[in-house]
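Q:
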Amino acid sequence: KNEVEQSPQNLTAQEGEFITINCSYSVGISALHWLQQHPGGGIVSLFMLSSGKKKHGRLIATINIQEKHSSLHITASHPRDSAVYICAAQETSGSRLTFGEGTQLTVNP
Amino acid sequence: NAGVTQTPKFQVLKTGQSMTLQCAQDMNHEYMSWYRQDPGMGLRLIHYSVGAGITDQGEVPNGYNVSRSTTEDFPLRLLSAAPSQTSVYFCASSYRLGVTYEQYFGPGTRLTVT
Chain D
208 KNEVEQSPQN LTAQEGEFIT INCSYSVGIS ALHWLQQHPG GGIVSLFMLS SGKKKHGRLI
268 ATINIQEKHS SLHITASHPR DSAVYICAAQ ETSGSRLTFG EGTQLTVNP
Chain V
100 NAGVTQTPKF QVLKTGQSMT LQCAQDMNHE YMSWYRQDPG MGLRLIHYSV GAGITDQGEV
160 PNGYNVSRST TEDFPLRLLS AAPSQTSVYF CASSYRLGVT YEQYFGPGTR LTVT
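Written as structure tokens, this is what we have:
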């Protein structure tokens, strides 16, 4: 069993739909990261969470430390949101990250 | 700032050849890491560094060497390339922000070993 598991692996949505990607982890963490990897391969950091909820534009990330679970939500999805979304658990003792396998999101017009 | 830069973008090697993947950052970040990304698997840590002169092994270090002589540069050396090292390699740098570490990734190097 992976230490960080994401679901679903693949997600296809119609433009405008509300999207949720889930991440569960089994290790103790100091933070949970959400990353976005574009079709060209570049990876950018979307959120770092150690508790609660963060919002940036149409993206919302939440974390429940007790349940070891985090979600990434996209409201009013758009084709430009099509990408791989990756969650990563940051270990409690330092900067090392353990990554989930990623969720491939495709948003159709 | 250029951020995190990696060279080359693409490389094809024959089995047994050696090469160095270059990584540089101009943000004065203490922490730098090398990851490999393979289909069906998450990014896996190869080696990392918490500062100049300090390196440590990650999850999959075999067949790779690193050094960190300056804060800016963190090259990854493949000693004797094998087909199992065909992958996309990402370098990342980070800095501490409270209990979290803000991550910056390079554009990646796609390596094929034949």
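So the sequence lines, in the order shown, correspond to chains D and V.
As numbered in this note's numbering, residues 208 to 316 make up the first sequence, in order.
As numbered in this note's numbering, residues 100 to 213 make up the second sequence, in order.
All residues carry an ideal CB built from backbone N, CA and C; glycine is no exception.
These figures come from a predicted structure and were not determined experimentally.
1. Glutamate 222(D): buried (16+ other C-beta within 10 angstroms of its C-beta) or exposed?
2. Distance check for cysteine 190(V) and arginine 176(V), CA to CA, integer angstroms please.
3. If you count every other CB in all the chains shown that lies within 10 Å of the CB of serine 302(D), and 16 or more means buried, which is it?
4. Is any beta-carbon of chain D found at less than 8 Å from that of glutamate 171(V)?
5. Going by C-alpha to C-alpha distance, which of Ala283(D), Val314(D), Arg287(D), Pro215(D) sits closest to arginine 265(D)?
6. What does the alpha-carbon distance come out to for the pair tyrosine 188(V) and threonine 208(V)?
7. Going by Cα to Cα distance, which pick from Asn271(D), Ala238(D), Ser231(D), His245(D) is closest to glycine 197(V)?
8. Let's see if you can read the secondary structure: which residues bound the beta strand (DSSP E) around phenylalanine 204(V)?
9. Which residue wins for smallest C-alpha separation from glycine 157(V), given the options Ser179(V), Trp133(V), Thr170(V)?
10. For the beta strand (DSSP E) that contains methionine 126(V), what are its first and last residues?
11. Quick check on the burial criterion: 16 or more other C-beta atoms within 10 angstroms. Buried or exposed for phenylalanine 173(V)?
12. Any Cβ of chain V within less than 8 Å of the Cβ of serine 257(D)?
13. Along chain V, which residues have their Cβ under 8 Å away from the Cβ of lysine 238(D)?
14. How many angstroms separate the CA atom of isoleucine 326(D) from the CA atom of glycine 115(V)?
15. List the whole-angstrom C-beta distance separating threonine 310(D) from leucine 218(D), where the pair is believed to meet the contact cut-off of C-beta under 8 Å.
16. What does a CB cutoff of less than 7 Å around arginine 201(V) pick up in its chain, not counting 5 residues either side in sequence?
17. Do the stretch 225-237 of chain D and the stretch 268-279 of chain D make contact, defined as three or more Cβ pairs closer than 8 Å?
18. According to DSSP, simplified to helix, strand and coil, what is arginine 265(D)?
19. What do you reckon, is the C-beta of glutamine 244(D) under 7 Å from a heavy atom of the ligand SAH?
20. Between which two residues does the beta strand (DSSP E) containing asparagine 164(V) stretch?
21. Give me the Cα-Cα distance between tyrosine 292(D) and histidine 128(V), rounded to the nearest whole angstrom.
22. If we ignore side chains and look at the alpha-carbon of each, how far apart do threonine 154(V) and glutamine 184(V) end up?
A: The short version:
1. exposed
2. 13 Å
3. buried
4. no
5. Ala283(D)
6. 5 Å
7. Ala238(D)
8. 199-204
9. Trp133(V)
10. It is not in any beta strand (DSSP E) - methionine 126(V) carries neither H nor E in the DSSP assignment.
11. buried
12. yes
13. Looking at the sequence provided, one finds alanine at residue 238(D) rather than lysine. In chain order: Val198, Thr199, Tyr200.
14. Outside the displayed span of chain D (208 to 316) sits residue 326(D), for which this structure offers no information.
15. 6 Å
16. Looking at the sequence provided, one finds glutamate at residue 201(V) rather than arginine. If we look at glutamate 201(V) and ignore the five residues flanking it on each side, its Cβ neighbours are Ser193, Tyr194.
17. yes
18. coil
19. Of the ligands one can find in the structure shown there are none, so the ligand SAH has no counterpart to examine.
20. 163-165
21. 25 Å
22. 21 Å
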